[in-house]
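Comments concern the structure below.
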Amino acid sequence: MDFSLYMEDMSKEARAELTNAGYEELTTPKEVDQALTREGTTLVAINSMCGCAGGVARPAAANSIHFDKRPDHLVTVFAGQDREATDRARDYFEGFPPSSPSFALLKDGKILEMVPREEIESSMPMEVVQKLQSLFDEHCEEY
Numbered sequence: 001m002d003f004s005l006y007m008e009d010m011s012k013e014a015r016a017e018l019t020n021a022g023y024e025e026l027t028t029p030k031e032v033d034q035a036l037t038r039e040g041t042t043l044v045a046i047n048s049m050c051g052c053a054g055g056v057a058r059p060a061a062a063n064s065i066h067f068d069k070r071p072d073h074l075v076t077v078f079a080g081q082d083r084e085a086t087d088r089a090r091d092y093f094e095g096f097p098p099s100s101p102s103f104a105l106l107k108d109g110k111i112l113e114m115v116p117r118e119e120i121e122s123s124m125p126m127e128v129v130q131k132l133q134s135l136f137d138e139h140c141e142e143y
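So, in structure tokens, the structure goes:
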């Protein structure tokens with residue numbers, strides 16, 4: 001069995017959870033640079049195959065955006081799958097170690113806040129939704 005094909009099949013569903021929720025998937029460093037340097041606020045969902053944390057992060061990403069205030073842009077990179085894109089996105093998260101799954105909130109290309117894996121894996125999805133919405137309330141405009 002080809003491991004790459006196996007992981008591609010497994011990740012297809014995880015990718016779809018975020019793109020179906022309205023997140024723009026970034027698969028290359030160029031796409032990352034174009035997306036993360038846009039004006040306004042951007043939520044980056046760093047997707048992951050990790051069962052425990054990924055199974056909390058993806059539903060939280062999808063449900064958190066149903067709020068009066070939300071980021072101007074919603075994007076996602078997939079750790080372990082689109083490595084170059086993920087590495088490039090992490091270049092924007094200055095001061096924060098790599099973490100997946102995780103969330104990064106940027107404004108005009110600069111990191112504002114990060115919700116790392118350790119705050120996701122020990123939480124229920126609604127707790128992560130509340131964390132994200134608290135960040136939206138603080139940093140985002142009414143949608």
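Start counting the sequence shown at 1; every next residue gets the next number (the working numbering).
Ideal Cβ positions, reconstructed from N, Cα and C, are used throughout, including at glycine.
Original post:
Would you report the Cα separation of Gly22 and Glu121, rounded to the nearest angstrom?
Top reply: Residue mapping note: residue 22 aligns to position 22 of the sequence shown, counting from 1. Residue mapping note: residue 121 aligns to position 121 of the sequence shown, counting from 1. Going by the C-alpha atoms only, they are around 23 Å apart.
Subject >> Whole beta strand (DSSP E) elements within the region 61-115, 3-residue minimum >> reply: 73-78, 102-107, 110-115
Subject >> Simplified DSSP state of Glu25, which is helix, strand or coil >> reply: As a first step, residue 25 must be located in the sequence shown, where it is residue number 25. In the structure shown, Glu25 sits in a strand (DSSP, three-state: E or B).
Subject >> Rounded separation between Asp91 and Pro98 - CA only >> reply: Counted from its first residue, the sequence shown places residue 91 at position 91. Counted from its first residue, the sequence shown places residue 98 at position 98. Taking the straight line from one Cα to the other gives about 10 Å.
Subject >> Reduced DSSP category for Glu121 - H, G, I as helix; E, B as strand; rest coil >> reply: As a position in the sequence shown, residue 121 is number 121, starting the count at 1. If DSSP states are grouped into helix, strand and coil, Glu121 belongs with coil.
Original post:
According to DSSP, is Thr19 helix, strand or coil?
Top reply: Working through the sequence shown from its first residue, we reach residue 19 at position 19. Of the three classes helix, strand and coil, the one that applies to Thr19 here is helix, per DSSP.
**OP:** Give a yes or no on contact between the region 54-65 and the region 104-112, applying the rule of three or more CB pairs nearer than 8 Å.
**Re:** no
Original post:
Can at least three beta-carbon pairs, one atom from the region 78-85 and one from the region 122-141, be found at a separation below 8 Å?
Top reply: no
**OP:** To the nearest angstrom, report how far apart Ala45 and Gly54 are at their CA atoms.
**Re:** Reading the sequence shown from its first residue, position 45 is the one you call residue 45. Reading the sequence shown from its first residue, position 54 is the one you call residue 54. If you take the alpha carbons of Ala45 and Gly54, they lie about 11 Å apart.
**OP:** Since I believe Leu112 is in contact with His139 (beta carbons under 8 Å), could you give me their beta-carbon distance rounded to a whole number of angstroms?
**Re:** Position 139 of the sequence shown, counted from the first residue, corresponds to residue 139. Position 112 of the sequence shown, counted from the first residue, corresponds to residue 112. Confirmed, about 5 Å.
**OP:** Write down the C-beta distance between Ala85 and Glu31 rounded to the nearest angstrom, noting that I regard them as a contact closer than 8 Å.
**Re:** Residue mapping note: residue 85 aligns to position 85 of the sequence shown, counting from 1. Residue mapping note: residue 31 aligns to position 31 of the sequence shown, counting from 1. Contact flag correct, Cβ pair sits at about 7 Å.
Subject >> Beta-carbon gap between Asn47 and Pro125 smaller than 8 Å >> reply: Taking the sequence shown and counting its residues from 1, the one referred to as residue 47 is at position 47. Taking the sequence shown and counting its residues from 1, the one referred to as residue 125 is at position 125. Their beta carbons are not under 8 Å apart, which means Asn47 does not touch Pro125 by this criterion.
Original post:
To which residues of the same chain is Pro29 closer than 7 Å at the C-beta, ignoring the five residues directly before and after it?
Top reply: Translated into positions along the sequence shown, residue 29 becomes position 29. Excluding positions up to five away in sequence, the list reads Glu84, Ala85, Arg88.
Subject >> Straight-line gap, Lys69 to Leu5 (C-alpha atoms, nearest Å) >> reply: Taking the sequence shown and counting its residues from 1, the one referred to as residue 69 is at position 69. Taking the sequence shown and counting its residues from 1, the one referred to as residue 5 is at position 5. Distance between the alpha carbons of Lys69 and Leu5 is about 39 Å.
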